[in-house]
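In mature numbering (1 follows the signal peptide of the UniProt record, and there is no 0), the protein residues as written are -22 to -1, 1 to 220.
These notes concern the structure reproduced below.
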């Protein structure tokens, strides 16, 4: 009788154990769903989610900057004279030639706006080819961690691809002519040290800075606002840092 009772008790315990395991697994599965399924995400999936966020930022940023006045009337990204030419601006304005300065500044920004039409494809290509190391730490990092990683790993490549586009836009918009008018006028002033900054380099770097700033802004938005996460993978990935 004792043996029969013991076997019955063991069977009950085993059944209870399996039932408990099933319940536990169900609870885990449900918790995972509530958390966006992040428990099962791999480093590769997290990396791809970060790339999707960067592409979204580039797409929005390039569209905004490519619009008329995208650079020119946005104080945070507006392109001014290079630091080594600040004295050119102040001296010409003092001499009543501020119209030359204003024309040059406007056309520098028009060039950046024009070049931004091609920026999306250039930046998206770099993002697609980028290998993200330690994706989880980037995800759990600062609100600009992903954009900072993009800048660190692709800036040289992006510059090389974007600079010819800027150069073409400088010619197309008349910015190069306007700039030469400014420099020629300044260099005719008696006793001044002649200047001739590298305009292609300056505008390329400033245009890239402007686009990175827009990507950073969108990354912060994606991190803080779940509604802005445009894909299912982004929703799952960024739910992990909410």
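Note that the Cβ used here is the ideal one computed from N, Cα and C, for glycine as well.
Rounded C-alpha distance that separates residue i from residue j
i: residue 92; j: residue 65; result: 28 angstroms
i: residue 180; j: residue 217; result: 39 angstroms
i: residue 134; j: residue 46; result: 27 angstroms
i: residue 132; j: residue 86; result: 24 angstroms
i: residue 176; j: residue 197; result: 32 angstroms
i: residue 40; j: residue 158; result: 28 angstroms
i: residue 19; j: residue 108; result: 19 angstroms
i: residue 149; j: residue 31; result: 33 angstroms
i: residue 106; j: residue 29; result: 7 angstroms
i: residue 187; j: residue 73; result: 32 angstroms
i: residue 42; j: residue 192; result: 9 angstroms
i: residue 195; j: residue 100; result: 19 angstroms
CB of residue i within 8 angstroms of CB of residue j, strictly
i: residue 58; j: residue 160; result: no
i: residue 118; j: residue 34; result: no
i: residue 88; j: residue 140; result: no
i: residue 94; j: residue 152; result: no
Contacting residues, own chain, Cβ-Cβ under 7 angstroms from residue i (five flanking each side not counted)
i: residue 37; result: 98
i: residue 21; result: 113, 114
i: residue 174; result: 161
i: residue 172; result: 165
Residue i, DSSP secondary structure in three states
i: residue 162; result: helix
i: residue 153; result: helix
i: residue 118; result: coil
i: residue 176; result: coil
Close Cβ partners of residue i (< 6 angstroms) along its chain, the five nearest in sequence each way excluded
i: residue 27; result: 211, 212, 215
i: residue 129; result: 190
Closer than 7 angstroms: residue i CB and nearest the ligand ZN heavy atom
i: residue 165; result: In the structure on display, the ligand ZN does not appear, and there are no ligands present to speak of.
Secondary structure, alpha helix (DSSP H): runs of 4+ residues fully inside the segment 21 to 80: Runs of the alpha helix (DSSP H) inside the segment 21 to 80: 21 to 44, 64 to 72.
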